[in-house]
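Below is one structure, written out as structure tokens; the observations come after it.
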Amino acid sequence: MDQLFVHIDQAIIHWAQAVLPDWMAVIVAMKIPIVAIAIFGPVTMMYLTLIERKLLARIQNRFGPNRVGKFGLLQPLADGVKMLTKEDIVPEKADKIAHLLAPILIVIPALLVFAVLPFGRNMIAVDLNIGVLFFLAMSGTTTLFIFTAAWASHNKFSLLGGMRSVAQMISYEIPFVLSVVPVLVVVGSFSTVAIVEAQPGLHWFVFTPWGAVGFFIFFICAVAEVNRTPFDLPEAESELVAGFHTEYSGMKFALFYMAEFMNVFTVSALVATVFLGGWQGPILPSWVWFLLKTYTLILIMMWFRGTFPRLRADQLMGFAWKFLLELTFVNIIVAAIWYEMRSPLNHLTAAAILIVTIIVLFQFNKTEIPKKRIYKYAYAD
Amino acid sequence: MEVLTAISKVGIYVIFGVTLLGAMMAVTLRNIFHAALSLALTLIGVAAVFFVLRAEFLGAVQILLYVGGIMILVIFTVMLTTRIGDRTIPTSNHQQWPVLIGALLLLLYFVRMIGKTPWSIKSELAVVSAVQIGKSLVSTFIFPFELTAVILVAILIGTVILAKSDEGEEKS
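If you read the protein sequences in the order shown, they are chains A and B. Taking the numbering used here, I'd label the letters of the first sequence as residues 1 to 381. Taking the numbering used here, I'd label the letters of the second sequence as residues 382 to 553.
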């Protein structure tokens with residue numbers, strides 16, 4: 001079971017080598033992971049929308065979609081047909097080219113990052129030796145396209161949403177990238193496969209002191225990077241109509257949604273790979289473990305959406321620059337110390353440094369609550 | 382296998398062409414936002430060239446820093462221009478001819494230097510890992526590396542001073 005998909009891949013390549021000329025067999029071998037990802041990505045997105053709607057409905061004591069098919073399982077397909085047949089409205093003053101390009105381009109980085117995710121043992125499209133860096137670089141370009149969409153719409157709500165998105169992404173990109181550095185220091189490689197292999201069995205990085213802190217920073221920044229609640233200021237419904245995609249309808253809107261949900265999946269998958277041991281785990285096949293961890297993180301993100309109120313803009317910025325960034329810097333040094341010291345002592349030292357840092361940062365970030373005023377002369381006693 | 386070589390060759394030339402086209406558009410387009418987007422296209426094209434030449438680390442860093450960082454700052458500056466609504470802000474100025482002469486001289490210099498450099502020609506592309514790059518940065522090239530760090534710190538201090546002096550004026 002563990003190597004099920006690898007065997008299928010091998011079988012197709014063998015068949016291609018027997019039937020087709022050499023150069024076509026090579027192309028077929030190259031195309032298999034591409035086709036698999038091109039199908040897997042959008043299908044995941046379709047059903048993530050259903051899961052999210054169902055889960056949010058349950059949190060709010062409703063049923064959610066339950067009319068189309070059993071448990072509403074055909075709802076994503078119905079939505080797809082609806083989106084395709086909707087009228088495509090382009091505002092008169094909009095920048096036509098940029099308005100068209102933005103939703104198309106935003107899907108490209110979302111699909112590309114699937115290539116470096118290890119879905120299981122030997123199940124990776126390309127084992128780039130800079131895997132993690134490639135992922136971070138690609139997901140960073142999303143901002144550009146969100147901003148293009150916002151600018152091209154020629155709409156004040158869109159522009160405000162775009163501005164917020166850029167400010168937020170720039171701020172959270174820094175702790176997002178730096179919180180992976182401890183793992184790179186310890187593993188000594190950018191390759192996602194090497195990172196997973198460095199966490200055999202249950203020796204996941206999240207169980208080390210620096211790993212636990214890194215995991216929290218990375219996950220919080222990941223939620224911010226994909227613009228989800230409580231960091232969804234770029235598309236805050238109650239303030240900005242719909243933010244950067246106000247002027248999009250039909251399939252273009254669906255493409256934004258597709259990019260967002262595929263980013264949710266890939267980012268959760270990366271968090272699982274880097275800190276939760278990827279496909280490592282006892283008994284179950286490797287890809288089951290991987291999907292289990294990824295979906296747990298996705299469900300936590302949806303749980304966030306169901307429970308947390310949205311942050312204020314200054315709280316958002318303050319949290320990134322005054323708390324997360326400092327903690328990441330300390331975390332890098334702590335990981336180096338942990339790596340150099342002997343076994344029982346290093347855990348204690350690392351944990352002690354981190355706890356002290358967190359307490360100090362909390363003290364510095366305390367919001368000033370003015371003393372309760374006592375009005376001496378206001379009341380007649 | 383010849384078919385594959387031919388396809389990859391065509392692909393490489395397409396990347397070169399798109400990169401050059403993006404660069405041309407970045408300086409000629411009249412709409413400042415479109416020019417910024419073409420600049421992004423150029424930078425992505427350069428990253429693609431790095432990827433083709435097996436310099437994956439450079440390619441990824443190029444995208445991370447230039448497309449993810451500097452392009453966003455450029456667009457931020459575009460946002461802060463006053464006439465954002467106007468579709469045609471000319472990007473050319475009155476120094477086209479001196480600039481052309483300067484660019485031609487630079488091109489001449491580059492061609493001479495490329496001709497002079499003894500390039501090592503190998504049948505296989507040497508793959509340089511990030512670890513090697515890191516080690517050479519802190520050993521052989523430690524001086525330029527530290528110099529860059531000093532310049533960056535100087536820039537940071539400069540921005541802090543600029544921001545501070547503004548605050549002082551407001552108070553007085």
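Virtual Cβ for every residue (Gly too), placed ideally from N, Cα, C.
{"Item": "Verify the CB distance criterion: does B:LEU418 have a CB-CB separation below 9 Å to chain A?", "Value": "yes"}
{"Item": "Are A:LEU133 and B:ALA441 closer than 9 Å when you measure CB to CB?", "Value": "yes"}
{"Item": "Is A:ASN331 near A:ILE217, with beta carbons less than 9 Å apart?", "Value": "yes"}
{"Item": "Considering only residues of the same chain and omitting the five flanking positions on each side of A:LYS383, which have a CB-CB separation below 8 Å?", "Value": "Here chain A comprises residues numbered 1 to 381, so residue 383 of chain A is not present and cannot be evaluated."}
{"Item": "Between the Cα of A:LEU392 and those of A:MET1, A:HIS14, A:GLY41, A:ALA16, spot the shortest distance and give me the residue it belongs to.", "Value": "One cannot answer for residue 392 of chain A here, as it falls past the ends of chain A, which runs 1 to 381."}
{"Item": "Among A:ALA212, A:ALA269, A:ALA125, A:VAL241, which has the Cα closest to the Cα of A:ALA335?", "Value": "A:ALA212"}
{"Item": "So B:PHE431 is in the alpha helix (DSSP H); what residue range does that whole segment cover?", "Value": "413 to 433"}
{"Item": "Any residues in the region 147 to 161 of chain A with a beta carbon nearer than 9 Å to a beta carbon of chain B? Which ones, in chain order?", "Value": "PHE147, THR148, TRP151, ALA152, HIS154, LEU159"}
{"Item": "Just to check my reading of the structure: A:ILE195 and A:VAL274 have Cβ atoms closer than 8 Å, yes? What is that Cβ distance to the nearest angstrom?", "Value": "6 Å"}
{"Item": "Can you tell which of A:ALA224, A:LEU316, A:ASN155 has its C-alpha closest to the C-alpha of A:GLY140?", "Value": "A:ALA224"}
{"Item": "State the start and end residues of the unbroken alpha helix (DSSP H) segment that holds B:LYS516.", "Value": "511 to 518"}
{"Item": "On the CB-based measure, 16 or more other CB atoms within 10 Å of its CB, does A:ALA289 come out buried or exposed?", "Value": "The question names Ala, yet the displayed sequence has Trp at residue 289 of chain A. Its Cβ being crowded by 16 or more others within 10 Å, A:TRP289 is buried."}
{"Item": "In or out: A:LEU297 buried (at least 16 other Cβ within 10 Å) or exposed?", "Value": "buried"}
{"Item": "List the residues of chain B that A:TRP289 touches, going by C-beta distances under 9 Å, in chain order.", "Value": "Ordered by position in chain B, no residue passes the 9 Å Cβ test against A:TRP289, which lies about 28 Å from the chain."}
{"Item": "So with Cβ pairs under 9 Å, would you call B:ALA429 a contact of chain A?", "Value": "no"}
{"Item": "What in chain A is Cβ-close to B:VAL384, meaning under 8 Å?", "Value": "TRP23"}
{"Item": "At the 9 Å Cβ level, is B:MET406 part of the contact set with chain A, yes or no?", "Value": "no"}
{"Item": "Give the straight-line distance between the Cα atoms of A:MET30 and A:PHE119, rounded to the nearest whole angstrom.", "Value": "17 Å"}
{"Item": "With a 10 Å radius around its C-beta and 16 neighbouring C-beta atoms as the bar for buried, classify A:ASP314 as buried or exposed.", "Value": "exposed"}
{"Item": "Leaving out five residues on either side along the sequence, give the residues of the same chain with a beta carbon under 8 Å from the beta carbon of A:LEU284.", "Value": "LEU292"}
{"Item": "Report the partner residues of A:MET138 according to the DSSP bridge assignment.", "Value": "A:MET138 pairs with nothing; no bridge assigned."}
{"Item": "For the alpha helix (DSSP H) containing A:PRO393, list its first residue and its last residue.", "Value": "Residue 393 of chain A lies beyond the range of chain A shown here (1 to 381); nothing can be said about it."}
{"Item": "Could you name the residues of chain B that A:ASN227 contacts, counting a contact when the two beta carbons are closer than 8 Å?", "Value": "Near A:ASN227 there are no residues of chain B at all, since even the closest Cβ is about 15 Å away, more than 8 Å."}
{"Item": "What residues of chain A sit near B:PHE414, judged by a beta carbon separation below 9 Å?", "Value": "ASP95, ALA98, THR148, TRP151, ALA152"}
{"Item": "Taking 9 Å as the threshold (beta carbon to beta carbon), is A:THR141 in contact with chain B?", "Value": "yes"}
{"Item": "What residues in its chain sit with their C-beta under 8 Å from that of A:VAL185, if we drop five residues either side in the sequence?", "Value": "ILE332, ALA335, ALA336, TYR339"}
{"Item": "Helix, strand or coil for A:MET123 per DSSP?", "Value": "strand"}
{"Item": "Please check if any C-beta of chain A sits within less than 9 Å of the C-beta of B:ILE449.", "Value": "First, the amino acid is wrong: residue 449 of chain B is Gly here, not Ile. It does; some Cβ of chain A falls within 9 Å."}
{"Item": "Taking buried to mean at least 16 other C-beta atoms within 10 Å of its own C-beta, is A:GLY243 buried or exposed?", "Value": "buried"}
{"Item": "Going by DSSP in three states, B:THR622 sits in which element: helix, strand or coil?", "Value": "Residue 622 of chain B lies beyond the range of chain B shown here (382 to 553); nothing can be said about it."}
{"Item": "Taking three-plus beta-carbon pairs below 8 Å as touching, is the region 226 to 241 of chain A in contact with the region 146 to 166 of chain A?", "Value": "yes"}
{"Item": "Could you tell me the alpha carbon to alpha carbon distance between A:LEU276 and A:VAL206, rounded to whole angstroms?", "Value": "6 Å"}
{"Item": "If A:ALA36 sits next to A:HIS99, beta carbons under 8 Å apart, how far is it from one beta carbon to the other, in whole angstroms?", "Value": "Not confirmed; about 32 Å, so no contact."}
{"Item": "Which residues in chain B have a C-beta closer than 7 Å to the C-beta of A:LEU136? List them in chain order.", "Value": "LEU445"}
{"Item": "For the candidate residues A:GLY80, A:TRP321, A:HIS154, A:ILE27, whose alpha-carbon lies nearest to that of A:GLU92?", "Value": "A:HIS154"}
{"Item": "If A:ASP127 sits next to A:VAL193, beta carbons under 8 Å apart, how far is it from one beta carbon to the other, in whole angstroms?", "Value": "5 Å"}
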